[in-house]
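Notes follow the structure.
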Amino acid sequence: MKDSVSEEQSKLLIAVRLRGESTGKPDVRDTLTSLRLEKKHHASIYCNQPQVSGMLSKAKDVLTWGEVKSETMRRILEKKAEVKTDKKSINELPKELGFSSMDELTKAMTKGDVLPEKLWRSGVKPVFRLHPPKGGFKGTIRRPYKSGGELGYRGAAINDLILRMT
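So the sequence shown is numbered by numbering that gives the first Met the number 0: it starts at 0 and just counts up by one.
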């Protein structure tokens, strides 16, 4: 039986592109375009589905991903979310989607009650432009995370990286 924390984290994934232009295989470039990760240090959120996991695995040599916590999701939305129109503010987003606060919205998102597509339809751009991490990367961006690098699946450790990049 899963505990509530891991179950909460397993519904929403965040992926960050760490390496620049890939001169490699065209199918990897197409996958990155489909994921909307066309530039270095761009991030996007996805539902944890087999199709998305397959696409992330295909581009594992260029990006890193893991399960996002609600606190990290709140910080990304408050600091890095961009709204398509000038009329809206990101602070108006929870009320527009039927929630009283940003904390409530992010908890519902990480549980899987609010899909990322609902955010995109409400005017939030699907890509978050992040800074390079404060203090630099802990490993090389040419090796997998499990081998002391930064690329590929990293689970809940993605939250530490995202917090340093916002």
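Each residue gets a CB set at the ideal place from its N, CA and C atoms; glycine is no exception.
By the Cβ rule, the segment 114-131 counts as touching the segment 42-59, because three or more pairs are nearer than 8 Å.
The DSSP assignment places complete alpha helix (DSSP H) segments of no fewer than 4 residues inside the segment 114-152 at 115-120, in order along the chain. Counting only residues of its own chain and dropping the five nearest sequence neighbours on each side, G154 has a CB closer than 6 Å to the CB of G65.
Judged by beta-carbon spacing, G151 lies beyond the 8 Å limit of T30, meaning their Cβ atoms are not closer than that value.
Here the C-alpha atom of K57 lies approximately 7 Å from the C-alpha atom of V27. Within the same chain, Cβ atoms closer than 7 Å to the Cβ of M101 are found at R73, L76, E77, P93, the five residues on either side in sequence being excluded.
Counting C-beta atoms within 10 angstroms of its own C-beta, T32 has fewer than 16 neighbours from the protein chains shown and is therefore classed as exposed.
Judged by beta-carbon spacing, G138 lies within the 8 Å limit of E149, meaning their Cβ atoms are closer than that value.
Spanning the alpha carbons of R141 and L114 requires a straight line of approximately 32 Å. Pairing K68 with I89, the inter-Cα distance amounts to about 19 Å. In the three-state reduction of the DSSP assignment, R74 falls in the helix class, which pools H, G and I. The C-alpha of G97 is placed about 15 Å away from the C-alpha of K87.
Contact annotation, L17 with V61: C-beta distance approximately 7 Å; criterion of less than 8 Å satisfied. Within the segment 34-78, the complete alpha helix (DSSP H) segments at least 4 residues long are 49-57, listed from N- to C-terminus. Classified as buried, P132 has 16 or more neighbouring CB atoms from the shown chains inside 10 Å of its CB.
CA-CA distance, K79 to H40, rounds to 12 Å.
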